[in-house]
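Structure, as structure tokens:
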Amino acid sequence: MASQTTFEAMASTKNHRSGFAALIGRPNVGKSTLLNALTGEKIAIVSPKPQTTRNRILGVVTRPEGQVAFIDTPGIHQAKGELNRYMVEVALQAAEEVELVLFLIEPPAGEKPEVSPGNRAILERLQKIGKPTFLVINKIDSVPKSQLLPLIELYRNEFPFAEVVPISAREKDGVEHLFHIVLRHLPEGENVFDEDMLTDQQERVLVAEYIREQVLRHCRQEIPYSTAVVVDIFDESEREPRPGTPPNQLGGLIRIAASIFVERDSQKAIIIGKQGQMLKTIGTDARKSVQRLLGAHVYLDLRVRVEPRWSERPEGLKKLGYD
1 MASQTTFEAM
11 ASTKNHRSGF
21 AALIGRPNVG
31 KSTLLNALTG
41 EKIAIVSPKP
51 QTTRNRILGV
61 VTRPEGQVAF
71 IDTPGIHQAK
81 GELNRYMVEV
91 ALQAAEEVEL
101 VLFLIEPPAG
111 EKPEVSPGNR
121 AILERLQKIG
131 KPTFLVINKI
141 DSVPKSQLLP
151 LIELYRNEFP
161 FAEVVPISAR
171 EKDGVEHLFH
181 IVLRHLPEGE
191 NVFDEDMLTD
201 QQERVLVAEY
211 IREQVLRHCR
221 QEIPYSTAVV
231 VDIFDESERE
241 PRPGTPPNQL
251 GGLIRIAASI
261 FVERDSQKAI
271 IIGKQGQMLK
281 TIGTDARKSV
291 QRLLGAHVYL
301 DLRVRVEPRW
311 SERPEGLKKL
321 GYD
């Protein structure tokens with residue numbers, strides 16, 4: 001019996017696959033939306049503004065047949081300034097460390113397909129890295145299907161893609177299909193992470209991102225790129241739900257204090273708003289998201305602070321967590 005059990009375990013491991021896949025692409029092509037769709041949870045903030053993601057974010061999808069650790073990365077763009085250079089380096093380093101790269105693009109607005117200079121530059125870097133790469137065409141719900149075949153042919157002439165997978169991350173069209181194709185290209189082996197692990201992001205890091213998401217949502221164009229959020233206090237001493245609290249209701253209380261950093265006094269004034277209304281709106285919407293994340297009532301105290309030229313100085317990036 002023991003030998004049979006061992007044989008069954010070996011057979012299960014042989015058919016089981018696991019590994020890492022990086023989501024790479026230009027800003028705003030839907031990498032974070034895809035990560036959330038794959039995991040079924042909101043672990044990466046999403047905004048219509050480009051360059052929303054600043055760090056690599058791990059999302060783990062575990063199924064009986066295997067486990068894929070997807071890494072969301074900042075959009076690769078022309079790097080001007082220390083923060084932008086940091087973001088591009090984070091993305092390219094992720095591509096070097098994984099077994100598989102998912103290169104995301106979106107269909108061009110015009111009918112004539114073309115490879116943009118930005119995408120061509122990324123493909124040149126991926127060619128040097130030499131990892132198996134999928135072409136993932138996102139936002140296919142935004143164009144007629146007749147435009148996809150010429151686009152696929154164009155990109156296949158630029159790069160030897162292992163697979164081409166059209167999807168709509170927002171509509172979750174083709175997302176499950178993508179997962180299974182990714183899994184087939186990964187090596188056989190046991191899970192890298194525990195089955196119940198979803199992300200490596202700490203709760204206080206996610207809280208800071210949820211707050212920054214509301215700054216992106218509510219503030220003018222020039223503000224978000226000069227903004228960083230740091231959680232100063234994360235007090236869980238009253239987190240345990242009170243006796244008798246139904247499981248579907250928020251239990252306990254978490255007290256959070258966070259600082260929103262900007263680079264100029266004029267930006268601080270915009271985020272605070274007239275009589276503090278903008279900051280109040282940001283805090284109210286952020287608190288709703290944080291409560292859903294933590295499953296508890298949240299007291300959220302926000303302050304706006306000025307850190308001159310933080311995004312241009314290595315010491316500024318390190319102080320605000322981009323190191």
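Sequential numbering from 1 applies to the sequence shown in the UniProt record's numbering.
Backbone N, C-alpha and C fix where the C-beta goes; we use that ideal spot for every residue, glycine too.
Please determine, among Asn-15, Ala-22 and Leu-34, the residue with the shortest C-alpha to C-alpha distance to His-177.
-> Leu-34
Endpoints, beta strand (DSSP E) assigned at Phe-179 | Here Phe-179 belongs to no beta strand (DSSP E); instead the alpha helix (DSSP H) covers 175-184.
Three-state secondary structure (DSSP) of His-77 = coil
DSSP three-state assignment for Ala-121, whether helix, strand or coil = helix
Tyr-265 (DSSP reduced to helix, strand or coil) = First, the residue type needs correcting, since residue 265 is Asp and not Tyr in the sequence shown. In the structure shown, Asp-265 sits in a helix (DSSP, three-state: H, G or I).
Selection from Gln-267, Ala-269 and Val-182 that minimises the alpha carbon distance to Arg-63 = Minimum Cα distance to Arg-63 is reached at Val-182.
Continuous beta strand (DSSP E) stretch holding Pro-187: start and end = From DSSP, Pro-187 is part of no beta strand (DSSP E); its letter is neither H nor E.
May I have the straight-line CA-CA distance separating Ile-57 from Lys-42, to the nearest angstrom?
-> 11 Å
Gln-214 and Asp-285 closer than 8 Å at C-beta = With respect to the 8 Å criterion, Gln-214 and Asp-285 are classified as neighbours on the basis of their beta carbons.
Flag this pair as touching only if the segment 198-213 and the segment 91-101 have three or more C-beta atom pairs under 8 Å; answer yes or no.
-> no
Are Val-229 and Glu-263 close, meaning C-beta to C-beta below 8 Å?
-> no
For residue 325, which residues does DSSP report across the bridge?
-> The question about residue 325 has no answer, for the chain in this structure spans 1 to 323.
Pairwise C-alpha distance: Asn-157 and Pro-48 | 30 Å
Residue interval of the alpha helix (DSSP H) (run including Gly-283) | 277-294
Looking at Leu-302 and Leu-279, is the spacing between their C-beta atoms short of 8 Å?
-> yes
Does the distance from the C-beta atom of Ile-24 to that of Ile-105 stay below 8 Å?
-> no
Can you give, in chain order, each stretch of the beta strand (DSSP E) that sits fully within the segment 7-58 and has at least 3 residues?
-> 17-25
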